[in-house]
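Counting in this note's numbering, the sequence shown tops out at residue 140, every number present.
As structure tokens, the structure follows; a few thoughts come after it.
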Amino acid sequence: MSPSVLERAKGLLSEYQPKYLQGAKEEQLQWVAWKRLLAFEKYQRHRTMFYQLKSLTLYADSELLRYAYAELEESRGSFQPAKKTCEGLLKDPTNRTALSHIHTVYSFSEKN
Numbered sequence: 029m030s031p032s033v034l035e036r037a038k039g040l041l042s043e044y045q046p047k048y049l050q051g052a053k054e055e056q057l058q059w060v061a062w063k064r065l066l067a068f069e070k071y072q073r074h075r076t077m078f079y080q081l082k083s084l085t086l087y088a089d090s091e092l093l094r095y096a097y098a099e100l101e102e103s104r105g106s107f108q109p110a111k112k113t114c115e116g117l118l119k120d121p122t123n124r125t126a127l128s129h130i131h132t133v134y135s136f137s138e139k140n
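Structural data, given as structure tokens:
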């Protein structure tokens, strides 16, 4: 005598339900791990930006720091802020050196 549809369904359910629940739990754990990673990355980015801004305000007259900031912005693809920083170096008579001219021409001659 063959089992009824209801009995087969109960059998399939009891066979596959533990596998499904285990997979769902693993997916949930992976989702939680990704969420934690994204939160950590967001925190790190804000912390890094805070220290960059703090160092720029403390050492605003540092030529090397301003070059480093311009290169950082350029590496991120933010050419206008980098160009503005370099042009600011050229406007300042104390920082208007051959190096500032070379850096500005080299960095932004092809990216305008």
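C-beta: ideal position from N, C-alpha, C; glycine also.
For Ala110, the CB contacts under 6 Å within the same chain, skipping 5 residues up- and downstream, are Ala98, Glu101 and Glu102 in chain order. A distance of 8 Å or more separates the beta carbons of Leu117 and Ser106. By the neighbour-count criterion, in which 16 or more other beta carbons inside 10 Å mark a residue as buried, Tyr95 falls on the buried side. Taking all protein chains shown into account, Thr85 has fewer than 16 neighbouring C-beta atoms within 10 Å of its C-beta and is therefore exposed.
Thr125 counts as exposed, since fewer than 16 other beta carbons sit within 10 angstroms of its beta carbon. DSSP assignment within the stretch 54-128 yields no whole beta strand (DSSP E) run of 3 residues or more. Straight-line spacing of the CA atoms in Glu43 and Gln80 works out to 57 Å. Cα atoms of Gln56 and Leu34: separation of roughly 31 Å, rounded to the nearest angstrom. Under the three-state reduction of DSSP output, Ser42 falls in the helix class. With 16 or more other Cβ atoms from the protein chains shown falling within 10 Å of its own Cβ, Thr113 counts as buried.
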